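Worksheet: the structure to be examined is printed underneath.
Number of protein chains: 2
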Amino acid sequence: MSSLVLKGKPVANSIKKITEEMIAADDLKPTLAVIIVGHDPASEYYVENIAKQGEKLGIAVILKKFESIDLAGLIHEIKQCNENDNISAIMIQKPLPKNIDEKVINSIISPDKDVDGLNPLNAGNLYLGQECFIPCTAESVLEIIKFYGIQTQSKHIVVVGRSNVIGKPIANLFLHKSPTGDATVTVCHSKTKNIENYTKQADILVTAVGRPNMIKKEMIKENCVIIDAGINEISKENDKNTFVGDVDYQDCLDKCEAITPVPGGVGSVTTTVLLHHVVRSAKKIKKKE
Amino acid sequence: MSSLVLKGKPVANSIKKITEEMIAADDLKPTLAVIIVGHDPASEYYVENIAKQGEKLGIAVILKKFESIDLAGLIHEIKQCNENDNISAIMIQKPLPKNIDEKVINSIISPDKDVDGLNPLNAGNLYLGQECFIPCTAESVLEIIKFYGIQTQSKHIVVVGRSNVIGKPIANLFLHKSPTGDATVTVCHSKTKNIENYTKQADILVTAVGRPNMIKKEMIKENCVIIDAGINEISKENDKNTFVGDVDYQDCLDKCEAITPVPGGVGSVTTTVLLHHVVRSAKKIKKKE
Numbered sequence: 003m004s005s006l007v008l009k010g011k012p013v014a015n016s017i018k019k020i021t022e023e024m025i026a027a028d029d030l031k032p033t034l035a036v037i038i039v040g041h042d043p044a045s046e047y048y049v050e051n052i053a054k055q056g057e058k059l060g061i062a063v064i065l066k067k068f069e070s071i072d073l074a075g076l077i078h079e080i081k082q083c084n085e086n087d088n089i090s091a092i093m094i095q096k097p098l099p100k101n102i103d104e105k106v107i108n109s110i111i112s113p114d115k116d117v118d119g120l121n122p123l124n125a126g127n128l129y130l131g132q133e134c135f136i137p138c139t140a141e142s143v144l145e146i147i148k149f150y151g152i153q154t155q156s157k158h159i160v161v162v163g164r165s166n167v168i169g170k171p172i173a174n175l176f177l178h179k180s181p182t183g184d185a186t187v188t189v190c191h192s193k194t195k196n197i198e199n200y201t202k203q204a205d206i207l208v209t210a211v212g213r214p215n216m217i218k219k220e221m222i223k224e225n226c227v228i229i230d231a232g233i234n235e236i237s238k239e240n241d242k243n244t245f246v247g248d249v250d251y252q253d254c255l256d257k258c259e260a261i262t263p264v265p266g267g268v269g270s271v272t273t274t275v276l277l278h279h280v281v282r283s284a285k286k287i288k289k290k291e
Numbered sequence: 003m004s005s006l007v008l009k010g011k012p013v014a015n016s017i018k019k020i021t022e023e024m025i026a027a028d029d030l031k032p033t034l035a036v037i038i039v040g041h042d043p044a045s046e047y048y049v050e051n052i053a054k055q056g057e058k059l060g061i062a063v064i065l066k067k068f069e070s071i072d073l074a075g076l077i078h079e080i081k082q083c084n085e086n087d088n089i090s091a092i093m094i095q096k097p098l099p100k101n102i103d104e105k106v107i108n109s110i111i112s113p114d115k116d117v118d119g120l121n122p123l124n125a126g127n128l129y130l131g132q133e134c135f136i137p138c139t140a141e142s143v144l145e146i147i148k149f150y151g152i153q154t155q156s157k158h159i160v161v162v163g164r165s166n167v168i169g170k171p172i173a174n175l176f177l178h179k180s181p182t183g184d185a186t187v188t189v190c191h192s193k194t195k196n197i198e199n200y201t202k203q204a205d206i207l208v209t210a211v212g213r214p215n216m217i218k219k220e221m222i223k224e225n226c227v228i229i230d231a232g233i234n235e236i237s238k239e240n241d242k243n244t245f246v247g248d249v250d251y252q253d254c255l256d257k258c259e260a261i262t263p264v265p266g267g268v269g270s271v272t273t274t275v276l277l278h279h280v281v282r283s284a285k286k287i288k289k290k291e
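Chains A and B, in that order, give the protein sequences.
If you're matching positions, the first sequence starts at 3 in our numbering and goes up one per residue.
If you're matching positions, the second sequence starts at 3 in our numbering and goes up one per residue.
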């Protein structure tokens with residue numbers, strides 16, 4: 003019996019459609035400001051992709067690049083974006099140089115424009131089950147679950163990873179009284195002993211830990227659903243870089259009921275979720291005018 | 003072999019000592035404003051107790067009682083307290099009448115004076131592992147764990163209950179990289195099926211669900227630690243009201259390694275934690291002056 007492959011593309015397409023309809027319905031001019039400090043090729047590639055996808059949907063992406071900047075300067079830039087009604091949303095590309103305290107930066111971005119869901123107020127509203135911007139990767143996991151009609155109520159969901167941008171938010175979201183919630187949730191991480199004791203119990207296993215192929219067939223339950231939010235770059239023998247997930251896809255494929263591929267799974271939904279957030283923000287600003 | 007009874011009183015005394023030292027060191031005049039709307043005997047008794055304990059420590063408690071008030075009026079009262087430097091901290095006694103939206107109220111209290119940790123910004127900082135006011139009952143659980151030197155790292159902690167004031171915050175706190183964190187955490191609740199499958203796995207079991215005596219001996223692991231944050235009022239045969247926890251204390255006593263009694267456990271620490279928060283807030287305001 004072959005497993006269902008939970009591809010991200012149809013999920014992204016469905017969100018794109020809704021996003022385009024929102025733009026058309028209110029004649030919005032959504033604009034995302036992306037602040038980049040220094041050089042990081044992976045990061046620049048990611049932002050280029052956002053700009054390209056944004057253009058297709060009718061979302062402007064303004065790049066604000068700085069060779070270097072101090073904390074005060076960066077705060078000033080962000081505050082200008084906060085106050086500018088022509089900017090719907092703000093994204094600060096990570097990693098930031100060491101002289102910049104990310105916590106301070108996250109708390110400066112206006113919660114209303116914080117489409118990455120990094121401001122503590124968005125984090126608090128997420129965790130209290132109130133309206134907010136959810137970090138894009140965590141929301142992508144929910145979107146995949148919704149799109150493929152995966153039931154979460156009363157299921158045991160095991161989340162591997164406790165980061166502020168994926169593990170923690172997704173674990174909290176699964177606890178809410180909601181159509182993608184009401185699950186019993188276990189969170190494992192680097193300090194968990196005998197992690198397979200937990201992963202083996204999972205009806206739904208969500209990984210976001212950054213360890214290539216760590217989850218093997220012996221560690222999962224027959225007919226579980228696997229959502230792999232890990233994206234790890236590995237060098238193969240021919241020196242060509244390849245991306246793999248936290249789950250050994252080939253090893254687990256026949257044992258699970260459904261699995262997201264890497265690449266082509268969670269990662270192919272996140273940019274669309276981000277752009278959808280930009281449009282939500284633009285709509286909110288327009289309503290206030 | 004008899005189990006260790008994790009009494010709350012010595013924990014509270016230790017926090018009181020630190021609190022008194024803080025007041026003396028900076029010659030603080032900590033003042034808590036408690037806003038009460040309507041009549042609720044249990045709630046009034048609780049507030050009287052706070053005032054009495056506060057007086058002993060040198061903390062003034064100002065009661066602001068309203069027979070009834072509308073949302074706008076209550077918001078106005080809270081804002082006045084936010085702006086008044088003579089008020090160190092604000093507590094809004096629950097339950098509030100139905101015409102008042104608690105979410106709105108929680109978001110109005112200045113995060114700096116929100117000693118109950120209800121403002122979404124405090125919730126967000128808690129969940130991100132940043133400085134904040136932790137809801138008092140959740141913090142009391144941590145204080146008990148610290149006081150009795152209970153190790154949490156790599157332990158499996160099962161939390162029964164997913165409320166915003168106990169279950170969710172305590173679950174998130176146990177995940178942090180901290181001396182009372184680094185645990186593998188499972189959260190169960192009303193939608194969990196076969197809850198004993200989870201409670202039986204717990205090295206540390208934390209209950210906060212409001213169901214009298216629901217946890218029986220058969221549902222726990224030999225030599226586990228039980229922290230019972232449930233306080234349930236039951237009527238005994240002689241019509242005298244008695245309080246019991248979520249755990250059947252007598253039934254579980256000999257099987258576990260340690261257990262908090264009800265009453266006399268978690269509940270006897272919370273008021274002291276609240277008053278400690280008031281002093282923290284007073285100190286912060288004084289430093290700003």
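C-beta: ideal position from N, C-alpha, C; glycine also.
Just so we're clear, the structure is a prediction, and the values are computed from it rather than from any experiment.
7 Å Cβ cut-off: residues of chain B touching residue i
i, result
"Arg122/A", "The identity of residue 122/A in the sequence shown is Pro, whereas the question assumes Arg. Leu123, Gly126, Asn127, Leu130 and Gln132, listed in chain order."
"Asn84/A", "In chain order: nothing, as chain B lies at least about 16 Å away."
Best match in the options for proximity to residue i [C-alpha to C-alpha]
i, options, result
"Lys148/B", "Glu291/B, Ser4/B, Lys9/B and Lys288/B", "Lys9/B"
"Lys286/B", "Ile107/B, Ser16/B, Met24/B and Asn15/B", "Met24/B"
"Gly232/B", "Tyr251/B, Ile64/B and Gly151/B", "Tyr251/B"
"His178/B", "Asp42/B, Glu291/B, Glu235/B and Asn127/B", "Asn127/B"
"His41/B", "Lys66/B, Glu133/B and Ser4/B", "Lys66/B"
"Val271/A", "Val13/A, Ser5/A and Ser4/A", "Val13/A"
"Val63/B", "Ser70/B, Lys54/B and Glu69/B", "Lys54/B"
"Ser70/A", "Ser4/A, Asn234/A, Lys115/A and Asn101/A", "Asn101/A"
"Thr273/A", "Gly183/A, Asp114/A and Ile61/A", "Ile61/A"
"Ser16/B", "Ser283/B, Lys289/B, Leu277/B and Lys288/B", "Leu277/B"
"Val281/A", "Gly151/A, Ser4/A and Ala26/A", "Ala26/A"
"Asn124/B", "Asn166/B, Phe176/B, Ser5/B and Pro99/B", "Asn166/B"
"Ile217/B", "Cys258/B, Thr182/B and Lys19/B", "Cys258/B"
"Lys193/B", "Asp205/A, Leu207/A, Gln155/A and Arg213/A", "Gln155/A"
Contact list for residue i against chain B, beta-carbon separation under 9 Å
i, result
"Leu144/A", "Those within 9 Å of Leu144/A in chain B number zero; the least Cβ separation is about 17 Å."
"Arg213/A", "Residues of chain B passing the Cβ test: none, with the nearest at roughly 16 Å."
Status (buried if at least 16 other CB within 10 Å, exposed otherwise) for residue i
i, result
"Asp256/A", "exposed"
"Ile92/A", "buried"
"Val187/A", "buried"
"Pro32/B", "buried"
"His279/A", "buried"
"Pro97/B", "exposed"
"Asn121/A", "buried"
"Ser237/A", "exposed"
"Asn196/A", "exposed"
"Lys115/B", "buried"
"Lys157/B", "buried"
"Asn88/A", "exposed"
"Ser283/A", "buried"
"Glu133/B", "exposed"
heavy atom of the ligand HEM below 8 Å from residue i C-beta
i, result
"Thr154/A", "No copy of the ligand HEM appears in this structure; indeed no ligand is present at all."
Neighbour list for residue i in chain A, Cβ cutoff strictly below 8 Å
i, result
"Cys190/B", "Thr186"
Contacts around residue i, its chain only, beta-carbon distance under 6 Å, and the 5 residues preceding and following it disregarded
i, result
"Lys110/A", "A quick correction: the sequence has Ile, not Lys, at residue 110/A. The residues are Ile77 and Ile80."
"Tyr200/B", "Val160, Thr188 and Cys190"
"Ser112/A", "Asn84"
"Val162/B", "Cys190, Thr209 and Val211"
"Gly247/B", "Asp230, Gly232 and Val264"
Beta-carbon neighbours of residue i, restricted to chain A and to distances below 7 Å
i, result
"Leu155/B", "The sequence given here has Gln at residue 155/B, not Leu. In chain order: Lys193."
"Lys96/B", "Within 7 Å Cβ-Cβ: nothing; Lys96/B doesn't reach chain A, min ~15 Å."
"Tyr200/B", "Thr186"
Contact set between residue i and chain A, taken where Cβ atoms lie within less than 9 Å
i, result
"Lys105/B", "Leu130 and Gln132"
Same chain, Cβ closer than 7 Å to residue i, five either side skipped, listed in chain order
i, result
"Arg164/A", "Lys170, Val189 and His191"
"Lys202/B", "Met221, Ile222 and Lys223"
"Val7/B", "Ile261 and Pro263"
Chain-ordered chain B contacts of residue i [CB-CB under 8 Å]
i, result
"Arg164/A", "Leu177"
"Asn174/A", "Tyr129, Lys170 and Asn174"
Nonlocal neighbours in the same chain, by C-beta distance under 8 Å from residue i, ignoring five residues either side
i, result
"Gly131/B", "His178, Lys179 and Ser180"
"Glu198/B", "Glu220 and Met221"
(message) Does the contact criterion of 3 or more C-beta pairs under 8 Å hold for the segment 33-43 of chain A versus the segment 78-96 of chain A?
(response) yes
(request) Tell me, please, whether the segment 167-183 of chain A touches the segment 137-147 of chain A by the rule of three or more beta-carbon pairs shorter than 8 Å. (result) yes
(message) Would the segment 263-280 of chain A count as touching the segment 225-239 of chain B if we require 3 or more Cβ pairs under 8 Å?
(response) no
(request) Give a yes or no on contact between the segment 103-117 of chain A and the segment 39-55 of chain A, applying the rule of three or more CB pairs nearer than 8 Å. (result) no
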